[in-house]
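Working notes, beginning with the structure itself.
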């Protein structure tokens, strides 16, 4: 550990794991720039609804893992970890395999979605 006065201390340890991200992936940033700014304001990734649909995409784009920002506040957001990404992947695989999602010619009136969710589709938890 480096001190302010320039001296250093040694901290004994067995294993050190350092995991950090420094910026949003360029693909995610480019996609976010194409979506309405009033619904996509996160600096961490793409804001998604409870079904992992990207806000502002009219239900046409799904997102998971550390590219997806869940929850309305930082307190309710899920952590961007591999465990959550795996669970989100399983959720989306089940959603896609059990339901026929299809593009509508006109957006769904109640939601404005071009690809509405089927009745009874449960949110990700």
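Numbering (our numbering), first residue to last: 1257 to 1381.
Ideal Cβ placement from N, Cα and C applies to all residues, glycine included.
Are residue i and residue j touching if we call contact CB-CB under 8 angstroms?
i: residue 1325; j: residue 1351; result: no
i: residue 1347; j: residue 1291; result: no
i: residue 1281; j: residue 1338; result: no
i: residue 1315; j: residue 1374; result: no
i: residue 1312; j: residue 1295; result: yes
When DSSP builds the beta bridges, which residues end up paired with residue i?
i: residue 1309; result: 1318
i: residue 1303; result: 1325
How many Å lie between residue i and residue j at the Cα?
i: residue 1297; j: residue 1305; result: 14 angstroms
i: residue 1265; j: residue 1271; result: 17 angstroms
i: residue 1293; j: residue 1349; result: 29 angstroms
i: residue 1300; j: residue 1286; result: 13 angstroms
i: residue 1340; j: residue 1320; result: 9 angstroms
i: residue 1334; j: residue 1317; result: 19 angstroms
i: residue 1259; j: residue 1267; result: 13 angstroms
i: residue 1365; j: residue 1269; result: 59 angstroms
i: residue 1261; j: residue 1332; result: 40 angstroms
i: residue 1328; j: residue 1336; result: 15 angstroms
Assuming residue i is part of the alpha helix (DSSP H), what are its boundary residues?
i: residue 1353; result: 1338-1354
i: residue 1284; result: 1282-1290
Cα-Cα, which of the options is closest to residue i?
i: residue 1361; options: 1331, 1354, 1336, 1370; result: 1370
i: residue 1356; options: 1313, 1288, 1376; result: 1376
i: residue 1354; options: 1332, 1364, 1378; result: 1378
i: residue 1342; options: 1262, 1381, 1288; result: 1381
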